[in-house]
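Read through the structure below, which is laid out as structure tokens, and then see the notes.
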Amino acid sequence: MSDGEASGPARREGRVLLEARAVTRTYRLGRDVEVPALRGVSFVVDRGDYVAIVGSSGSGKSTLLNLLGALDRPTDGAVRYDGRDVREMSDPELADLRNTRIGFVFQSFHLLPRLTARDNVILPLVYRPGSRRERRDRAEAALTAVGLADRMDHRPTELSGGQQQRVAIARAIVTDPALILADEPTGNLDSRTGEDIMALLERIQTEQDTALVVITHERQIARRAHSTIELRDGLIVGEVAA
Amino acid sequence: MTVREAFRVAMQALAANRLRSALTTLGVLIGVMSVVLLVAIGQGARSEITGAIEGLGSNLLFVLPGDGEFGQGPTRSRFVLDDVDLIERELPGAETRVAGYTVGAEALQADGARVNATVLAVTASYPRVFNRELARGQAVTESDVVTARRVAVLGATTAEELFPGQDPIGRNLTIGGIRYRVSGVLARIGGGGSPFGPDQDRNVLVPITSGQRLFGTDRLDAIFVRATSTAAVEADRSTVERALSQRLDEDEFSVISQDEIIGVVGDILQILTIVLAAIAGISLLVGGVGVSNIMLVSVSERTREIGLRKALGARTRDITTQFLLEAIVLTGIGGAIGLGLGISGALLVAQFAPVPAEITGWSIALALGVSVAVGLVFGVLPARRAGQLDPVEALRRE
Ligand SMILES: Nc1ncnc2c1ncn2[C@@H]1O[C@H](COP(=O)(O)OP(=O)(O)O)[C@@H](O)[C@H]1O
Ligand SMILES: [Mg+2]
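Residue numbers (our numbering), protein chains in the order written: chain A, 39 to 280; chain B, 6 to 403.
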């Protein structure tokens with residue numbers, strides 16, 4: 039990643055996956071209390087890029103990730119996917135964008151407890167056309183890719199934290215997204231398991247040429263990323279390109 | 006997402022909360038069951054009663070005291086036996102077509118046996134007007150009427166009860182303490198009684214004159230005329246009205262055709278049925294409110310799931326459809342089971358109770374249609390609430 043302004047559009051043509059330009063996001067609490075969570079953030083994520091977002095708690099990392107994931111619209115500024123501004127897209131278009139282009143990995147896994155690992159992974163496929171057989175095959179392939187071929191029929195409660203996060207990763211990659219967004223994916227895991235999870239995400243990023251944007255507190259992770267964005271009070275205070 | 010897929014998801018969610026789903030369904034189930042059962046009983050009563058009126062014969066005219074407005078108190082009859090003659094004089098072939106009677110309930114006693122029966126004091130023409138056939142002996146004759154003879158023609162059941170295993174003809178009995186002799190026994194009609202019509206096989210016929218003496222009256226309760234054809238009913242009605250107005254005021258009698266009575270009685274019972282259905286419908290409504298309530302609870306419990314589904318690509322409509330289907334499946338299952346129980350209940354009632362019950366297509370369609378509609382109506386609010394949840398907010402919820 040690099041600053042969209044400085045690099046010049048010509049050099050990066052065809053490589054840009056998404057672009058944030060002067061993005062602000064202000065939360066409203068009640069009638070007249072405003073919380074400016076992001077106060078003007080600009081950067082670009084390329085195809086196959088690996089970006090780490092760091093910053094202290096409350097600095098606006100999750101807010102930024104939600105905007106990149108089209109879960110939310112900016113108060114001002116633009117988030118563009120393949121050149122299209124998220125703010126100009128309808129709700130169904132945003133839903134389809136999330137379904138086809140983006141995979142989410144959350145700190146608390148967000149698996150549905152009543153479903154098996156396989157059915158949890160099938161979940162995003164339910165919202166696109168395809169036969170049951172096809173969905174099943176894809177889900178099983180994704181679970182195999184994250185090393186859970188022997189845990190397909192287990193429910194989340196029957197899996198360790200690391201295994202649950204692997205199921206979540208399988209769910210994120212089952213749609214072949216262009217971008218994986220991970221919000222502190224190792225935050226609920228011990229450091230060794232966390233290492234494994236990061237290694238898995240990085241392997242997917244390189245092998246499948248999927249862009250990876252990860253919020254993290256770990257220094258080593260930030261160092262392995264192609265670039266790091268540091269947020270403080272809703273502003274980018276430091277960018278390090280590897 | 007296809008509807009089939011949404012249906013599968015809805016079923017999964019309902020299965021995850023079996024007890025709650027079952028209890029929620031119960032409200033709708035009871036509502037639908039009561040609708041089906043009560044409508045069946047109402048319809049059964051209606052066809053029973055109209056059937057009983059039709060069973061009297063066809064093309065009958067009923068000459069009743071009063072001005073014929075329904076819903077008024079009983080009017081004291083001013084008919085006397087001469088009025089029957091009055092009508093007979095005007096109507097061609099009338100001696101076989103005009104009958105009069107007065108009715109009372111009396112205790113009958115013979116040897117040791119004692120029964121209560123409806124005593125019909127009739128003119129000799131009564132069996133012909135009402136197609137009552139004689140099994141044995143002799144009917145009430147003109148001369149019985151003229152001489153006020155104390156003879157009785159027994160209904161088949163009454164005859165058996167008073168004279169079990171014996172020939173009743175020529176035997177004595179007392180009616181209301183007065184001594185009578187059995188002259189004949191009516192052929193059995195069958196069908197038994199119902200709360201809406203006495204068992205005709207328990208009637209006892211006596212000559213009108215001796216019956217009037219027994220009851221201490223000189224009046225007739227009603228006069229009946231059988232028209233020779235459906236086409237002749239109206240002409241006969243005018244003739245009868247003209248004949249009676251020679252002696253009676255306009256509001257002292259009315260001539261009503263059998264079809265009119267069937268129509269009015271049928272209408273009244275139809276309204277009764279609809280009122281019953283509406284009352285049962287209220288319990289269905291309460292069941293619907295229960296569904297709405299539980300669906301709202303379910304939406305708030307599953308807020309994070311909804312947020313997740315949206316993050317994974319569910320559209321607002323996908324979520325709405327899913328929750329709406331959950332509500333409809335709940336009420337639909339309740340409706341189907343309630344329908345089954347309602348039908349079984351109606352069949353049981355028809356089997357064991359004196360009240361008949363009749364399953365009608367419209368009550369089944371209504372019950373199923375309404376239960377699905379209840380799911381739709383009461384599911385919309387929770388489903389919309391679910392669909393409109395903001396994914397970021399929903400995912401943050403604990
Ligand atoms: N839904 C919200 N409503 C109001 N304020 C919010 C909301 N979400 C986040 N915030 C505020 O915005 C700021 C940034 O939050 P967040 O993006 O979650 O930070 P981080 O992920 O870096 O810890 C914080 O001050 C937080 O309290
Ligand atoms: Mg955060």
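Using N, Cα and C, we set each Cβ at its ideal position, and we do this for glycine too.
This one's a predicted model, so the numbers in the text were calculated from it and none came from an experiment.
- Contact between the segment 162-176 of chain A and the segment 347-365 of chain B is not established, with fewer than three Cβ pairs separated by less than 8 Å.
- Around the beta-carbon of B/VAL291, fewer than 16 other beta-carbon atoms lie within 10 Å, marking it exposed.
- From the beta-carbon of B/MET300, no residue of chain A is found nearer than 8 Å; the closest lies around 17 Å away.
- Rounded to the nearest whole angstrom, the CA to CA distance from B/ALA378 to B/ILE333 is 8 Å.
- Proximity of A/ASN137 to chain B, defined by a Cβ-Cβ separation below 8 Å, is satisfied.
- Using a Cβ distance threshold of 8 Å, A/PRO194 and A/LEU250 do not count as a contacting pair.
- Inter-residue distance for B/ARG322 and B/VAL269 is about 51 Å (C-alpha atoms, whole angstroms).
- B/GLN275 and B/ILE369 have their C-alpha atoms spaced approximately 16 Å apart.
- Positions of the beta strand (DSSP E) runs, each at least 3 residues long and wholly inside the segment 52-92 of chain B, are given as 65-70 in order along the chain.
- Of the heavy atoms belonging to ligand 2, at least one sits nearer than 7 Å to the Cβ of A/SER100.
- Taking 7 Å as the cut-off, the C-beta of A/ASP191 does not count as close to any heavy atom of ligand 2.
- Here B/ARG231 is actually not in contact with B/VAL260; their C-beta atoms are around 13 Å apart, not less than 8 Å.
- For B/ARG402, no Cβ of chain A is located within less than 8 Å of the residue's own Cβ.
- In the three-state scheme derived from DSSP, where H, G and I count as helix and E and B as strand, B/SER259 is classed as strand.
- By the CB criterion at 8 Å, A/VAL143 and A/ILE218 fall inside the cutoff.
- Chain-ordered listing is empty here: chain A has no CB closer than 7 Å to the CB of B/MET38, the nearest sitting near 31 Å.
- If you draw a straight line from the Cα of B/GLU257 to the Cα of B/VAL245, it is about 13 Å long.
- Annotation: A/ASN226 has no Cβ neighbours in chain B at a cutoff of 7 Å; minimum Cβ distance is about 14 Å.
- The closest heavy atom of ligand 2 lies 7 Å or more from the beta carbon of A/ASP214.
- For B/GLY105 and B/ASN64, the gap between their C-alpha atoms comes out near 16 Å.
- Of the residues B/LEU301, B/SER188 and B/GLY286, the one whose Cα lies closest to the Cα of B/ARG141 is B/SER188.
- At least one beta carbon of chain B lies nearer than 8 Å to the beta carbon of A/ALA133.
- The beta carbon of A/ASP175 does not come within 8 Å of any beta carbon belonging to chain B, so the residue lies off that interface.
- The shortest CA-to-CA distance from A/LEU186 to any of A/ARG204, A/ARG176, A/ASP175 and A/GLY199 is the one to A/ARG204.
- Non-local beta-carbon contacts of B/GLY49 in its own chain, meaning distances under 6 Å to residues more than five positions away in sequence, involve PRO361, ALA362 and GLU363 in chain order.
- Within chain A, the residues ASN104, LEU109 and ASP110 have their CB atoms less than 8 Å from the CB of B/VAL397, given in chain order.
- With at least 16 other beta carbons inside 10 angstroms of its own, B/THR326 counts as buried.
- The closest heavy atom of ligand 1 lies 7 Å or more from the beta carbon of B/SER305.
- When the beta-carbon positions are compared, B/LEU113 and B/VAL103 stay at least 8 Å from each other.
- When DSSP states are grouped into helix, strand and coil, B/ALA378 belongs to the helix group.
- Between B/VAL68 and B/ALA126, the gap from beta carbon to beta carbon reaches 8 Å or more.
- In the three-state reduction of the DSSP assignment, B/ASP206 falls in the helix class.
- Neighbours of A/PHE142 in chain B, taken as residues at a C-beta separation under 7 Å, are given in chain order as ALA316.
- At a cut-off of 8 Å, the C-beta of A/ARG85 has no neighbouring C-beta in chain B.
- Per DSSP, B/PHE12 is one residue of the alpha helix (DSSP H) stretching across 8-21.
- Here A/ILE140 carries a strand assignment [DSSP, helix/strand/coil].
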